[in-house]
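Below: the structure, in structure tokens.
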Amino acid sequence: MPALHAVLHCKSEIDAELRRYEERRRALEARQGAGLTGFDDQATHARLGAYIARLGEWQAQARSARLGSASRAARRGATQ
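My numbering applies: residue 23 is where the sequence shown begins, and numbers increase by one.
Structure (structure tokens):
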């Protein structure tokens, strides 16, 4: 199941990126005091967007692989 491994790896990258984002946000809030508004980390958003795009690609590949397996199984069943 290489696709599942890839998705789990990407999920762990997303989780790690979100943890780093939260740490940076908390550190910035601590420096600027309570009530921080408008915090935006464009680099984090860009990385998360790339991870999500990869997840979408892997999901499409996994779906295609499942459909291919089902099609082959159906053909085998039809020939028996």
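Backbone N, C-alpha and C fix where the C-beta goes; we use that ideal spot for every residue, glycine too.
TODO: Could you tell me whether the region 77-91 touches the region 40-56, using the rule of 3 or more Cβ pairs below 8 Å?
DONE: no
Task: Contact check, Leu70 vs Glu39, beta carbons under 9 Å - done: The residue given as residue 70 occupies position 48 in the sequence shown. The residue given as residue 39 occupies position 17 in the sequence shown. Cβ atoms of Leu70 and Glu39: closer than 9 Å.
Task: Sequence-distant residues of the same chain with beta carbon closer than 8 Å to Val29, five excluded per side - done: Walking along the sequence shown from the start, residue 29 turns up at place 7. Correct list, in chain order: Leu77, Trp80, Gln81, Ala84.
Open item on the list: Using C-beta distances below 8 Å, list every residue in its chain close to Glu35, excluding the 5 sequence neighbours before and after it, in chain order.
Closed with: Here residue 35 refers to the residue found at position 13 of the sequence shown. Contacts found: Tyr73.
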